[in-house]
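This report refers to the structure that appears directly beneath it.
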Amino acid sequence: MTCIIHITDLHFWNIVYNPFYLCNKRILGNLNLILRRHRYVHKERAQSFLQVLSEIQPDGILIGGDLTTTATREEFQQAANFLDQVSARCPAIYLLPGNHDYYTFESCRKHRFEHYCGKHAPISVDPVLSMLPGDISLIRIPTVRPNLITSRGFISEEQLTKVKKLLERKGPNPTLALAHYPVLSRTAHYHSGYDRRLGGASALRGILGHSGHPILYLAGHVHVFTHTMDPTYNNITHITTSALFYDKQKRRGGFTEIKVDAGTMRIFPWSYQDGWIRGVESHPAAEVPC
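Position one of the sequence shown corresponds to residue 140 (this note's numbering), numbered consecutively onward.
Pasting the structure below:
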């Protein structure tokens, strides 16, 4: 049996006081951080999560992006230190950036995510096919780029073509797809407005749906755990994982544990409730067509 852990939306944060670094979109994110977000992201829970990780002893860690809040050097250093400790417990790390890791054009231009996080896994602007322990295929799908104001995702025609070719190449073994953005903009538990959803989601979803492969699509961004059968393509199951250190109203922080045995995947959501608690096995909910 293979155990895979999916974490996302860690949002390590650092309040910026130097006005020189606020002459871009960061001024909006920094204001939000001061007024609200710093109360919701409990990065002090990192050590207790690492202890649980040592107990689980997973075969692989999938990290779906948003390691930072406004993509500052200080935040990336916190993220890099955390990744070092994760790697000491499970060297098989597979990651990609979220929209907050490409928060400004400056951070993207300076390749800050790649500089601080790239040593743990190859990072590419192209979709990448990897083999996980247990003969599991993983396709990492980049879906982020910097924006002036919005948090809208993006996938190019060229990237879509490469996803299709990777799916055509792979064998019949179990398949995970890892991206930051969900391809469903609405489920029973979340709704993403136009400026927060993935541009090109329907095209990507169609490629996955017509591939003929059973696919578990793992995403973050919406900060809530959901487990959904695709309403159109019966070969796709969608999971969004909770923000790891979050705690806001009814949206508790958490991560997702995936057990794979003989091609069968079992899903266990974890949440933080005065300590890390493993939930009962999750089964996908049906969704109305969207």
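Backbone N, C-alpha and C fix where the C-beta goes; we use that ideal spot for every residue, glycine too.
If you run the structure through DSSP and keep just helix, strand and coil, what is P266?
Indexing the sequence shown from 1 puts residue 266 at position 127. Coil.
Going along the chain, which residues of its own chain have a beta-carbon closer than 8 Å to the beta-carbon of I144, five neighbours each way excluded?
On the sequence shown, residue 144 is found 5 positions in, with the first residue counted as 1. Hits under 8 Å: L192, I195, P197, G199, I200, L201, C229, F394, T395, E396 and I397.
When burial is assigned at 16 or more other CB atoms within 10 Å of the CB, is N169 buried or exposed?
To locate residue 169, count along the sequence shown from 1; it is residue 30. Answer is buried; the Cβ neighbour count reaches 16.
Below 8 Å on the Cβ atoms is my contact criterion, and I expect V267 with P321 to pass it. Report the Cβ-Cβ distance as a whole number of Å.
Against the sequence shown, residue 267 aligns to sequence position 128. Against the sequence shown, residue 321 aligns to sequence position 182. In fact, because the Cβ distance is near 20 Å, the residues do not count as touching under 8 Å.
I'd like to check one pair, A318 with I137: are the Cβ atoms closer than 8 Å?
Outside the shown range of the chain (140 to 429) lies residue 137, about which nothing can therefore be said.
Continuous alpha helix (DSSP H) stretch holding S341: start and end
The residue given as residue 341 occupies position 202 in the sequence shown. Start and end: A340 to G348.
DSSP three-state label for T289, please.
Stepping through the sequence shown from its first residue, residue 289 is reached at position 150. Correct three-state label for T289: coil.
Looking only at C-alpha atoms, which of K303, K387 and G339 sits nearest to H349?
Here residue 349 corresponds to residue number 210 of the sequence shown, with the count starting at 1. The candidate whose alpha carbon is nearest that of H349 is K303.
Does the region 338-349 come close enough to the region 291-299 that 3 or more CB-CB pairs lie under 8 Å?
yes
Do Y255 and F215 count as a contact pair if the criterion is CB distance below 8 Å?
Within the sequence shown, the letter at position 76 stands for residue 215. Within the sequence shown, the letter at position 116 stands for residue 255. Result yes, Cβ atoms of F215 and Y255 sit closer than 8 Å.
Opposing strand residues paired with G199 [DSSP bridges]:
For the purposes of this step, residue 199 is taken as the residue at position 60 of the sequence shown. G199 is bridged to I143.
Does the region 368-384 come close enough to the region 173-193 to have 3 or more Cβ pairs within less than 8 Å?
yes
Just the Cα atoms here: how many angstroms apart are C142 and N157?
Residue mapping note: residue 142 aligns to position 3 of the sequence shown, counting from 1. Residue mapping note: residue 157 aligns to position 18 of the sequence shown, counting from 1. In a straight line, the C-alpha of C142 is about 44 Å away from that of N157.
To the nearest angstrom, report how far apart H422 and R336 are at their CA atoms.
Numbered from its first residue, the sequence shown carries residue 422 at position 283. Numbered from its first residue, the sequence shown carries residue 336 at position 197. One C-alpha to the other measures close to 25 Å.
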